[in-house]
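> Under my numbering, think of the first position of the sequence shown as 11, with each following residue one higher.
Below is the structure I would like to discuss, written out as structure tokens.
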Amino acid sequence: MIQSFQVLSKINKLMKRSLKTGLSFGLTSGITTTLGLIVGLNSGTHSKLVVIGGILTIAIADAASDALGIHISEESKTTNTTREIWEATISTFLSKVIFTLSFVVPVLLFELEPAIIISIIWGMLLIGIFSFYVAKTEHSNPTEVVIEHLAIMIFVIIATNYVGSWVSATFG
């Protein structure tokens with residue numbers, strides 16, 4: 011574990027700020043949005059086809075939207091070069107697409123209910139590991155940071171589950 015953190019620390023020092031921005035935003039947004047979507051769609055429809063369609067749709071639409079948001083945000087900073095702006099934009103898009111599409115795998119391999127549980131575990135694991143990494147590189151308390159981020163994820167999961175159920179009961 012210590013050796014893997016040392017490797018991550020070296021990578022962190024070498025990675026450009028613009029790439030870190032895109033990767034961290036794409037990872038957290040991709041996981042949070044996708045988990046919220048699949049939990050909500052599952053509770054509202056219980057349809058594997060709908061869940062897969064939702065994942066594929068946001069893999070492109072939401073990734074492009076977030077990449078544009080990062081692009082405009084980075085343009086508003088007068089210290090960024092055109093290259094840095096595009097690095098942040100592209101890394102946001104690619105990381106969001108990759109992390110979002112990773113949730114298709116359990117849905118394709120398992121029945122829907124176990125796939126949702128596996129997806130939640132996968133998303134929480136990724137957020138937990140990334141939160142730990144961020145805390146260590148920023149010299150923050152890893153336990154506090156991980157708990158804070160996982161609590162937000164749990165809130166998203168619970169809220170979208172209830173919204174999906176409400177939509178199904180109200181409009182179904």
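Even for Gly, the Cβ is constructed at its ideal location relative to N, Cα and C.
For Val166 and Thr42, I'd like the C-alpha separation in whole angstroms.
As a first step, residue 166 must be located in the sequence shown, where it is residue number 156. As a first step, residue 42 must be located in the sequence shown, where it is residue number 32. Rounded to the nearest angstrom, the two C-alpha atoms are 7 angstroms apart.
> Look up Glu84 in the DSSP assignment and say whether it is helix, strand or coil.
On the sequence shown, residue 84 is found 74 positions in, with the first residue counted as 1. Helix at Glu84.
> What's the C-alpha gap between Ala74 and Val177?
Residue numbering aside, residue 74 sits at position 64 when the sequence shown is read from its first letter. Residue numbering aside, residue 177 sits at position 167 when the sequence shown is read from its first letter. So the alpha carbons of these two residues sit roughly 27 angstroms apart.
> Compute the distance between the beta-carbons of Val156 and Ser175, then report whether it is under 7 angstroms.
Counting from one through the sequence shown, the residue named residue 156 turns up at place 146. Counting from one through the sequence shown, the residue named residue 175 turns up at place 165. No, they are not a contact pair.
> So, at 7 angstroms on beta carbons, what are the nonlocal neighbours of Phe35 in its own chain, with the 5 sequence-adjacent residues on each side left out?
The residue you call residue 35 lines up with position 25 of the sequence shown. For Phe35, where only same-chain residues beyond five positions count, the Cβ hits under 7 angstroms are Asp76, Ile80 and Thr102.
> For the alpha helix (DSSP H) that contains His159, what are its first and last residues?
Along the sequence shown, one-based indexing puts residue 159 at 149. Its alpha helix (DSSP H) spans residues Pro152 to Phe181.
> Assign Glu97 to one of two classes, buried (16 or more other C-beta atoms within 10 Å of its C-beta) or exposed (fewer than that).
One-based indexing of the sequence shown puts residue 97 at position 87. The residue in question, Glu97, is buried, as its Cβ has 16 or more Cβ neighbours within 10 Å.
> Quick one: Cα of Leu130 to Cα of Thr180, how far?
The sequence position of residue 130 within the sequence shown is 120, counting from 1. The sequence position of residue 180 within the sequence shown is 170, counting from 1. Residue identity differs from the one stated: residue 130 is Ile in this sequence, not Leu. Near 26 angstroms, if we compare the C-alpha coordinates of Thr180 and Ile130.
> Where Leu111 and Gly50 are concerned, what is the direct C-alpha to C-alpha distance, given to the nearest angstrom?
Looking up residue 111 in the sequence shown gives position 101. Looking up residue 50 in the sequence shown gives position 40. One C-alpha to the other measures close to 17 angstroms.
> Give a yes or no on whether the C-beta atoms belonging to Val107 and Ala69 are separated by under 7 angstroms.
Residue mapping note: residue 107 aligns to position 97 of the sequence shown, counting from 1. Residue mapping note: residue 69 aligns to position 59 of the sequence shown, counting from 1. The answer is yes: Cβ separation under 7 angstroms.
> Apart from the five residues just before and just after Met163, which ones in its own chain have a Cβ nearer than 8 angstroms to its Cβ?
As a first step, residue 163 must be located in the sequence shown, where it is residue number 153. Correct list, in chain order: Ile41, Thr42, Leu45, Gly133, Met134 and Ile137.
> Where does Thr89 sit, in a helix, a strand or coil, going by DSSP?
Counted from its first residue, the sequence shown places residue 89 at position 79. Note: Thr89 maps to coil in three-state DSSP.
> What is the residue span of the alpha helix (DSSP H) that Phe140 lies within?
For the purposes of this step, residue 140 is taken as residue 130 along the sequence shown, with counting starting at 1. Leu122 to Thr147 is the span of the alpha helix (DSSP H), which, as asked, contains Phe140.
> Would you call Ile168 buried or exposed, if buried means 16 or more other Cβ atoms sit within 10 Å of its Cβ?
Position 158 of the sequence shown, counted from the first residue, corresponds to residue 168. With fewer than 16 other Cβ atoms within 10 Å, it is exposed.
> Between which two residues does the alpha helix (DSSP H) holding Phe35 run?
In the sequence shown, the residue the question calls residue 35 occupies position 25. Where Phe35 is concerned, the enclosing alpha helix (DSSP H) stretches over Arg27 to Thr55.
> So which of Glu158, Glu84, Ser86 and Leu59 has the shortest CA-CA distance to Val117?
Along the sequence shown, read from residue 1 onward, the residue named residue 117 stands at position 107. Closest option to Val117, Cα to Cα, is Leu59.
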